[in-house]
Amino acid sequence: MMDKALHAALRARYNPEGSMLHRMQMRMLELLTVIDDICQRHGIPYWLSGGSMLGAVRHEGFIPWDDDLDIELLRPDFERLMVLLPRELPEHMALQWHTTDPNYFFQFAKVRDRRSRLFERNGYDRVFCEHGIFVDIFPLERVPVWAHRLSNLSFGHAYKMLRTAQNPMAAMPRVRRWAAFHRRVVFPILRILGCLTPTRYYDFALGIPYYQHSLLSDYLPVRRVSYEHTTAPIMHEAEKCLAYRYGDYMQLPKNPGAENHTDDIAFL
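For what it's worth, the working numbering labels the leading residue of the sequence shown as 229, then goes sequentially.
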């Protein structure tokens, strides 16, 4: 945890109470609280990911300028959660996955708040059904690096089809077919072939264009830490993994907020 005076100054500058960003963060925290309750009741281990985990360790909550919240879990637990969430989320929240939003082609899921609207800078979400504030849910699996990279090269064509389309909605039937082909054929084949070169390392699931490469013992058992006015789980070896990914993770960036994700946000 950083110096309290510096922490208070950062919050006063970037996300003072009542600001749009602070309201957005509190809405994400509400989503996380509901997801956390469902996961705990069903014995599903998960943990904060990336910048969200960094915020938990360095700020005991959100990084003051951060506008997203990410969690991770192992792929078998992810698949269980995809069945549970549509049944147990309250009406003002929605699971965004290919089973609930036909145009949603990402290989990670989101839980959306239906009382808000936002659009991301990448523009892909214009074709989705749900557009509220969200929490990203990333599955992890034990897969060789070559299989993960190959899956991203192949699945990346879905992103290219949307980027280059004059009418993104008209391109969606092709994108949906490409995504379904990968879920049903390409990814299962890569998992089978991956068994020929087994690895101890876990990474983001196939088709997710990020890389992590950590041992299962780095993730589990999770530990709960202070997060805003509640608690949240982080990786067992959070500090080691943060140092590997960010170097001196307690050092503040030179241009805070430069990599934020949202273009437009409104509370309905």
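Even glycine gets a Cβ: it sits at the ideal position worked out from N, Cα and C.
Of the residues Gly475, Arg255, Ile365, Val450, the one whose Cα lies closest to the Cα of leucine 313 is Ile365. Runs of the alpha helix (DSSP H) lying entirely within the region 248-293, each at least 4 residues long, are 248-269, 278-287 in chain order.
Beta-bridge partners assigned by DSSP to glutamate 300: Trp275, Phe366. Residue pairing by DSSP places methionine 321 opposite Asp341 in a beta bridge.
The beta carbons of alanine 407 and phenylalanine 362 sit no closer together than 8 Å. Going by DSSP, arginine 354 is part of no beta strand (DSSP E) at all; its letter is neither H nor E. In the structure shown, the three-state DSSP call for proline 416 is helix. For a cut-off of 8 Å, the C-beta gap from valine 339 to leucine 390 is around 23 Å, too long to register as a contact.
Judged by their CB atoms, leucine 346 and isoleucine 493 are nearer to each other than the 8 Å cut-off.
Around the beta carbon of valine 413, a 10 Å sphere encloses fewer than 16 other beta carbons of the protein chains shown; the residue is thus reported as exposed.
Taking aspartate 353 as reference, the option from Glu369, Ala284, Leu368, Met400 with the minimal CA-CA separation is Met400.
The alpha carbon of tyrosine 439 has as its nearest neighbour, out of Arg473, Phe356, Asn483, the alpha carbon of Arg473. Cβ contact annotation for arginine 452 (same chain, cutoff 6 Å, sequence separation greater than five): Thr459, Pro461, in chain order. Assignment of tyrosine 455 by DSSP, reduced to helix, strand and coil, places it in the strand class.
Under the 8 Å Cβ criterion, the region 370-377 counts as touching the region 417-425, having at least three qualifying pairs.
Taking C-alpha positions only, alanine 386 is separated from threonine 327 by approximately 18 Å. Here cysteine 357 has Asp329, Asn331 as same chain residues with Cβ atoms under 7 Å from its own Cβ, once five neighbours each way along the sequence are excluded. Bounds of any alpha helix (DSSP H) do not take in tyrosine 477, whose DSSP letter is neither H nor E.
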